[in-house]
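Before any comments, here is the structure.
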Amino acid sequence: MGLLVAAALVAVPLTASAQPKEQPKEINLDEPETPAEGTEPAEAPEAPAEGGDEAGLGDICKIDPSACPTIDLNKEAAKDLNNETYAVQQIYALRYHRFEVNPYFGLTMNDQFVGHNGPGLAINWYLTNVLAIGVNGNWYGSLNTPSDFNFQTSRAARIGEPVTEYQWNANANFTYVPAYGKFAGFSDFIFHYDFYVLGGVGAISTRPIAVVDPDNRSFDWKPKLSFHVGGGLRIFFNRWFAAMAEVSDYIFFDELENPSVNKTTPQDKNTWLAEGNSFTNNVQAQVGFSVFLPFSWEYRLPK
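Residues are numbered in the numbering used here as their position in the sequence shown, beginning at 1, plus a constant of 29.
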């Protein structure tokens, strides 16, 4: 029995080793491969039918039958493509139908002899997003200050320069916003800004400062017609709060003290003023902030 099992174990590997090995198949890339026996050759893909445009037109007709007879694909393919893409964002700080409350402080820029500094307030109502009507006023009061330059000049030349002081100023204005945009600051913070110009008409109350003959002369306040032109920049920190800087010119005809003294009648008020009026530009820098009311709004137009 043991001999039969051993003979069987020896016979199996001998039989397997007697089978011939399959030789690797050679492939010639220059000759087409012949299909194996019993298989059908694969069909080549059909060439596109003549009039390929009509085949594409057929696809369009399936999507929109009404467009089928009106589209000429050859003509449409010959058109130039407009690859430009425009991205229009909504305005960050909408002004339309909002109030602007603008407190500021004004500093004289063009008078070397006396400074007319003082606080001011402007209130505007925006009829559109770029056009507003409003009022503004300045209070000078007792803040008029003759400069050191005026004092040194008067002492050196023994001549007093006629100067005036202002009490208040008020104007009705139109405001127009021609441009607005944004810029990056502090790495990734985006600031929104706008430029504006304004013009209006109002009144200013002034009086001469008695320099030539202060012992006898004393002047009263008088309101005078004035015109207001200017322009400024607002930088928004959020949708209702902005810092502003503005340069305004208040134009009017002012009265000056008479540089000569009538020694016979020094107290005659008719001799205290110089002949004619002086064309005056009171240019001042105004720095403050703007608050827009209401604080929030809702866009009613589609984006």
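No residue lacks a Cβ here, since even glycine has one placed at the ideal position from N, Cα and C. This structure is a prediction, so every number in the text was calculated from the model and none was measured.
By the CB criterion at 8 Å, I233 and N202 fall outside the cutoff.
Across the set A122, S307 and P94, the C-alpha of A122 shows the shortest separation from the C-alpha of V206. Going by DSSP, E275 is part of the beta strand (DSSP E) stretching over F270 to D283.
In the three-state DSSP reduction, E190 falls in the coil class, being neither helix nor strand.
Bridge partners of F134 according to DSSP: P148 and V316.
In terms of CA proximity to A239, W250 leads the group W250, G231 and G229. Between N167 and G147, the gap from beta carbon to beta carbon is short of 8 Å. In this structure, E284 is the residue among Q119, F308 and E284 with its C-alpha nearest to the C-alpha of N299.
If you draw a 10 Å sphere on the C-beta of L227, you find 16 or more other C-beta atoms in it, and that means buried. Y195 and A213 have their C-alpha atoms spaced approximately 41 Å apart. According to the DSSP secondary-structure assignment, E105 is paired through a beta bridge with no residue. Where S171 is concerned, there is no enclosing beta strand (DSSP E), because DSSP gives it neither an H nor an E.
Contact check between the region 123 to 143 and the region 321 to 331: three or more CB pairs, one atom from each, fall below 8 Å, which counts as touching. Residue range F218 to I238 is occupied by the beta strand (DSSP E) that includes D223. Counting only the Cα atoms, V276 lies some 11 Å from H257. In this structure, the beta-carbon distance from Y222 to T204 does not fall below 8 Å. In terms of Cβ geometry, P237 and E286 form a close pair [threshold 8 Å]. If you check the CB distance, V241 and V316 do not come in under 8 Å. The three-state secondary structure of P295, taken from DSSP, is coil. In the structure shown, P288 falls within a coil segment according to DSSP collapsed to helix, strand and coil. One Cα belongs to N310, the other to D109, and the distance between them is close to 58 Å.
Counting the other CB atoms within 10 Å of its CB gives N306 a total below 16, which places it among the exposed residues. Taking C-beta atoms as the reference points, T137 and Q313 count as a pair closer than 8 Å.
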